[in-house]
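In what follows, a structure is listed as structure tokens, so that the remarks can point back to it.
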Ligand code: GRF
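Numbering (our numbering), first residue to last: 73 to 257.
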């Protein structure tokens with residue numbers, strides 16, 4: 073399955089996908105990595121011809137991203153730390169083909185700084201969620217979730233790190249499941 077991964081930063085979830093493909097654990101190909109930030113470290117994780125920068129100030133921002141994904145035959149769009157909310161127009165164009173990884177047990181703690189929100193609320197268990205993307209912010213149907221304990225003395229950094237390890241695991245597992253379902257349909 074041809075993947076288009078949208079990123080804005082570090083790209084550790086992208087790396088987990090690349091590692092799983094390299095290990096033969098995921099039958100997929102990363103056909104495009106699109107970043108809205110020219111300096112995103114994620115871009116360095118793939119060959120130059122796979123990486124594409126579409127700056128937010130591009131007047132045809134979403135149209136350009138959509139063209140890149142379609143030209144490369146992308147079948148599943150993975151939002152992996154992509155920090156821009158996509159419009160209904162884009163979501164409609166890729167309806168049923170976009171997933172997102174979010175660092176909380178949705179529907180708790182939608183939006184930015186989910187780990188900080190969890191700490192501030194004092195929950196004892198947080199986690200991460202992979203879900204289909206629809207027009208509701210972090211609100212589409214849930215595909216996979218894993219719980220992660222919040223420990224005494226946790227900081228935003230330590231909790232984020234513990235959750236991140238699980239993000240990598242469930243994101244790869246979910247993509248593998250979608251790949252299998254598609255192959256057998
Ligand atoms: C992850 O915590 C992801 O859940 C959130 O942004 C972070 C991206 O991390 N949406 P990375 O760029 O994949 O390392």
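Glycine included, C-beta positions come from ideal geometry on N, C-alpha and C.
| Asked | Found |
| --- | --- |
| Let me know the alpha helix (DSSP H) ranges lying completely inside the region 144–171, each 4 residues or longer, listed in chain order. | 160–165 |
| Starting from residue 34, follow its DSSP beta bridges and name the residues at the other end. | With the chain covering 73 to 257 only, the question about residue 34 has no answer from this structure. |
| DSSP three-state label for residue 240, please. | helix |
| Which residue's Cα is closest to the Cα of residue 180: 165, 201, 79? | 201 |
| According to DSSP, is residue 185 part of a helix, a strand, or is it coil? | coil |
| Could you tell me the distance, in whole angstroms, from the CA atom of residue 123 to the CA atom of residue 115? | 6 Å |
| I need the straight-line Cα distance from residue 251 to residue 101, nearest angstrom please. | 11 Å |
| By the three-class DSSP mapping on this structure, what secondary structure does residue 122 have? | coil |
| Where residue 225 and residue 231 are concerned, what is the direct C-alpha to C-alpha distance, given to the nearest angstrom? | 10 Å |
| When you compare the region 214–224 with the region 237–249, are there three or more beta-carbon pairs, one atom per stretch, that lie closer than 8 Å? | yes |
| When you compare each of 178, 85, 223, 253 to residue 212 by their alpha carbons, which one comes out closest? | 178 |
| Of all the options 253, 248, 147, 257, which has the alpha carbon lying nearest to the alpha carbon of residue 97? | 248 |
| Would you check whether the ligand GRF has a heavy atom nearer than 7 Å to the C-beta of residue 152? | yes |
| Hey, residue 76 and residue 112 are a contact pair by Cβ (cut 8 Å); roughly how many whole angstroms apart? | Their Cβ separation, rounded to whole angstroms, is 15 Å, which puts residue 76 and residue 112 out of contact at 8 Å. |
| Using only the heavy atoms of the ligand GRF, determine whether one of them is closer than 7 Å to the beta carbon of residue 83. | yes |
| Note down the Cα distance separating residue 144 from residue 121, rounded to an integer number of angstroms. | 11 Å |
| Mind checking whether the beta-carbon of residue 174 lies closer than 7 Å to any heavy atom of the ligand GRF? | yes |
| Given 7 Å as the limit, tell me if residue 114 has its C-beta closer than that to any heavy atom belonging to the ligand GRF. | yes |
| Relative to the ligand GRF, is the shortest distance from any of its heavy atoms to the C-beta of residue 191 smaller than 7 Å? | no |
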